[in-house]
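Under the numbering used here, think of the first position of the sequence shown as 12, with each following residue one higher.
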Amino acid sequence: MFCYQCEQTAKGEGCTKSGVCGKQPDVAALQDLLIYALKGLSLYAVEARKSGISDIQMDRFVCEAIFSTLTNVDFDPQRFVPMINQAVQYRDGLKSRVSLVASEGPAMFVPEKTMEGLLAQGEQAGVKSDPTIDPDILSLQQLLIYGLKGLAAYA
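#1: Any idea what DSSP makes of C14, helix, strand or coil?
#2: Taking only the alpha-carbon atoms, compute the straight-line gap between K139 and A59 and give it to the nearest angstrom.
#3: Flag this pair as yes or no: are the beta carbons of F78 and A163 separated by less than 8 Å?
#4: Look up C74 in the DSSP assignment and say whether it is helix, strand or coil.
#5: Taking buried to mean at least 16 other C-beta atoms within 10 Å of its own C-beta, is Q152 buried or exposed?
#6: Can L44 and G133 be called in contact, C-beta distance under 8 Å?
#7: Locate the alpha helix (DSSP H) running through R102, then write down its first and last residues.
#8: Quick one, are the C-beta atoms of A98 and L49 less than 8 Å apart?
#9: Quick test of your reading: F86 and Q35, contact by CB under 8 Å. State the CB separation rounded to the nearest angstrom.
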């Protein structure tokens with residue numbers, strides 16, 4: 012677990028065992044995995060928009076899913092499993108309708124069937140899961156993600 016999205020973070024550096032706010036490692040992993048799945052969906056949604064394809068229910072889902080990952084919004088691990096699966100279903104529904112060809116990363120993500128499998132995938136999708144990424148790039152990516160989370164609160 013690693014979370015640094017709120018002002019309560021341990022020592023101002025991030026929570027690593029459990030959140031000061033009460034977030035548990037399983038919830039953190041599932042939230043990270045949901046964001047990862049939404050990145051894959053977003054790749055296809057952007058391409059779909061370029062072709063004039065949109066889906067208001069999908070748009071609403073994305074806002075609600077992003078919002079659910081904000082601090083203190085939802086700490087029920089069971090709630091994230093259907094959202095992860097729904098993100099992948101929406102993504103797969105767009106795949107045949109757009110010309111984007113993606114062969115790796117979130118665009119190809121397949122969720123595990125068990126909670127244990129999902130948790131393992133979530134740990135691999137976390138903020139600090141790729142030690143090779145440039146810290147400046149990582150911080151910019153996270154800044155954008157947290158900005159989107161804030162926007163989702165008002166969408």
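Cβ coordinates follow ideal geometry from the N, Cα and C atoms, glycine included. As the structure is a computational prediction, the values presented were derived from the model and not from experiment.
Let me spell this out:
#1: Taking the sequence shown and counting its residues from 1, one reaches residue 14 at position 3. Strand, per DSSP.
#2: The sequence position of residue 139 within the sequence shown is 128, counting from 1. The sequence position of residue 59 within the sequence shown is 48, counting from 1. Cα to Cα, the separation comes out at about 30 Å.
#3: Numbered from its first residue, the sequence shown carries residue 78 at position 67. Numbered from its first residue, the sequence shown carries residue 163 at position 152. Yes, the pair counts as a contact, with Cβ atoms nearer than the cut-off.
#4: Here residue 74 is taken as the residue at index 63 of the sequence shown, counted from 1. In this structure, C74 counts as helix in the three-state DSSP scheme.
#5: Stepping through the sequence shown from its first residue, residue 152 is reached at position 141. Exposed: under 16 other Cβ atoms inside 10 Å.
#6: Position 33 of the sequence shown, counting from 1, holds the residue named residue 44. Position 122 of the sequence shown, counting from 1, holds the residue named residue 133. Going by C-beta atoms, L44 is nearer than 8 Å to G133.
#7: As a working note, residue 102 is residue 91 in the sequence shown. Its alpha helix (DSSP H) spans residues P88 to K106.
#8: Walking along the sequence shown from the start, residue 98 turns up at place 87. Walking along the sequence shown from the start, residue 49 turns up at place 38. Closer than 8 Å, so yes.
#9: Sequence index remark: in the sequence shown, residue 86 carries index 75 (1-based). Sequence index remark: in the sequence shown, residue 35 carries index 24 (1-based). Indeed, because the Cβ distance is near 7 Å, the residues count as touching under 8 Å.
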